[in-house]
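Asker: Here it is, the structure in full.
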């Protein structure tokens with residue numbers, strides 16, 4: 417009897433419940449047991465896992481590595497997919513391998529290049545991948561100079577942290593004064609320049625921001641699976657234009673993404689994002705981890721999480737070419753069960769008990785059949801007639 421594969425996802429995005437679903441629905445019908453850890457007891461990832469632990473708060477990177485090694489040993493983890501403290505974890509790959517755990521993550525050198533967006537832009541520009549114009553700013557005066565330079569060439573300026581992920585801290589600069597316009601409707605990413613300058617001058621420490629022109633859609637997010645031999649096994653682009661999502665295999669997107677993955681050794685799962693600067697694609701960001709939307713490739717007939725686990729275990733899945741490109745779709749929210757609320761939150765200095773296996777999810781309500789649809793996705797061509805007009 418073949419033993420189950422034990423996979424651990426540490427403090428990851430809620431959307432990765434679909435990553436977990438795909439591991440369980442793998443085409444080999446191999447038993448998979450999933451372990452999850454998180455700092456939030458109400459994370460749906462904990463409820464979706466077979467076993468789960470709360471992560472202690474306040475650990476240093478070195479302390480977290482010790483915690484992770486202990487988790488792998490106690491839980492018998494075969495494959496670890498690290499997101500939190502990825503840099504520190506991959507530096508200890510040999511210790512995880514000695515514990516019988518394969519890391520589904522690139523080597524330390526690759527992670528280091530893409531930790532800092534300025535270093536990343538300089539590195540990819542050196543291999544011929546186009547990047548947008550950018551300025552690294554730390555003070556109010558540097559910000560104003562960068563914004564004025566961009567505006568002089570007809571661009572709207574935006575900024576984001578030089579180190580970060582998931583769009584956190586992204587803002588677009590406007591010259592409009594703060595008014596009720598900024599308070600009406602949903603919160604806006606637009607911020608008046610004078611308020612940003614005032615906040616910077618009042619700050620006790622300098623910021624570390626990247627300022628660049630606002631890039632235009634379409635946004636294309638290329639999901640890649642690369643072997644330790646440096647050869648790309650999978651490259652599929654997910655397109656985004658407003659609400660409409662789709663897929664592409666066009667080389668204008670896939671070619672530069674493959675070059676980045678192969679040159680810098682982005683082994684296992686990575687994600688390279690592009691947008692338009694004028695009439696040409698330019699690099700926007702590189703993620704050295706699985707993208708939150710990776711599960712959407714199910715609409716193209718690909719189970720990327722399972723292929724990546726196979727590769728991490730030394731079982732080469734071969735070239736992964738989509739048998740078809742799925743129809744355009746949109747992303748909608750849906751309910752996921754949570755584990756029972758604890759009577760109180762444990763203190764970080766106490767031993768944390770394991771979270772019991774999750775209860776079965778309630779049966780979903782009937783919905784229209786959508787060809788090749790996956791959980792969390794809704795085909796744009798098949799709206800629910802009971803839902804009324806689109807929002």
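In this note's numbering, the protein residues as written are 417 to 807. Glycine residues also receive a C-beta, built at the ideal position from the N, C-alpha and C atoms. These numbers were taken from a predicted model, which means no experiment stands behind them.
1) Quick check on the burial criterion: 16 or more other C-beta atoms within 10 angstroms. Buried or exposed for residue 564?
2) Taking the alpha carbon of residue 706 as the reference point, which residue from 694, 695, 719 and 557 has its own alpha carbon closest?
3) May I ask you to report which of helix, strand or coil DSSP gives residue 424?
4) Quick one: grab the DSSP three-state call for residue 505.
5) So what does residue 662 bridge to, in DSSP terms?
6) Which same chain residues end up closer than 6 Å to residue 613 when comparing Cβ atoms and leaving out the 5 residues on each side of it in sequence?
7) Which of the three DSSP states, helix, strand or coil, is assigned to residue 438?
8) From what residue to what residue does the beta strand (DSSP E) around residue 574 run?
9) To the nearest angstrom, how far is the alpha carbon of residue 478 from that of residue 494?
10) Excluding sequence positions up to five away, which residues of its chain have a Cβ less than 8 Å from the Cβ of residue 532?
11) Distance, Cα to Cα, residue 573 vs residue 506?
12) Grouping DSSP H, G and I as helix and E and B as strand, with all else coil, what is residue 784?
13) Among the candidates 661, 523 and 529, whose CA atom is the shortest distance from the CA of residue 645?
14) In the DSSP assignment, what residue or residues form a beta bridge with residue 697?
15) What is the DSSP secondary structure of residue 496, reduced to helix, strand or coil?
16) Relative to the C-alpha of residue 541, which candidate in 679, 634, 483 and 485 has its C-alpha closest?
17) Which residues does DSSP list as the beta-bridge partners of residue 519?
18) Since residue 642 sits in a beta bridge, which residues does DSSP pair it with?
19) Can you give the beta carbon distance from residue 685 to residue 676, rounded, assuming they're within the 8 Å contact cut?
20) Under three-state DSSP, which class holds residue 796?
21) Which residues mark the beginning and the end of the alpha helix (DSSP H) in which residue 722 is found?
22) Does the Cβ-Cβ distance between residue 413 and residue 585 come in under 8 Å?
23) So the candidates are 527, 446 and 508; which of them puts its Cα closest to the Cα of residue 368?
24) Quick one: any contact between the region 443 to 454 and the region 420 to 427, if contact means 3 or more CB pairs under 8 Å?
25) Could you spell out where the alpha helix (DSSP H) holding residue 744 opens and where it closes?
26) Under 8 Å between the Cβ atoms of residue 736 and residue 757?
27) Excluding the five sequence neighbours on either side, which residues of its own chain have a C-beta within less than 6 Å of the C-beta of residue 650, listed in chain order?
28) If distances are taken between C-alpha atoms only, which option among 512, 430, 525 and 733 comes closest to residue 490?
29) With DSSP collapsed to three states, give me the class of residue 469.
30) Leaving out five residues on either side along the sequence, give the residues of the same chain with a beta carbon under 6 Å from the beta carbon of residue 447.
31) Is the separation between the beta-carbon of residue 464 and that of residue 433 shorter than 8 Å?
32) Is residue 672 near residue 547, with beta carbons less than 8 Å apart?
33) Applying the criterion that 16 or more other CB atoms from any shown protein chain within 10 Å of the CB defines a buried residue, is residue 658 buried or exposed?
34) Kindly list the residues whose CB is nearer than 7 Å to the CB of residue 552, restricted to its own chain and excluding five residues on each side of it in sequence; keep chain order.
35) May I have the straight-line CA-CA distance separating residue 731 from residue 634, to the nearest angstrom?
36) For residue 418, which of helix, strand or coil comes out of DSSP?
Answerer: Short version:
1) exposed
2) 719
3) strand
4) helix
5) 655
6) 556
7) helix
8) 573 to 577
9) 22 Å
10) 578 and 579
11) 35 Å
12) Bear in mind that a pLDDT of 31 at residue 784, under 50, signals an unreliable position, so the model cannot answer this.
13) 523
14) 692
15) strand
16) 679
17) 496
18) 648 and 684
19) No, residue 685 and residue 676 are not in contact; Cβ-Cβ is about 14 Å, not under 8 Å.
20) Because residue 796 carries a pLDDT of 38, less than 50, the predicted location of this residue cannot be relied on, and the following value inherits that uncertainty. Coil, per DSSP.
21) 720 to 728
22) Look at the range of the chain in this structure, 417 to 807, and you will see that residue 413 is not part of it.
23) Any property of residue 368 remains undetermined from this structure, which presents the chain solely from 417 to 807.
24) yes
25) Neither: residue 744 is in no alpha helix (DSSP H) and is coded neither H nor E.
26) no
27) 641 and 736
28) 512
29) strand
30) 420
31) yes
32) no
33) exposed
34) 534, 578 and 626
35) 35 Å
36) coil
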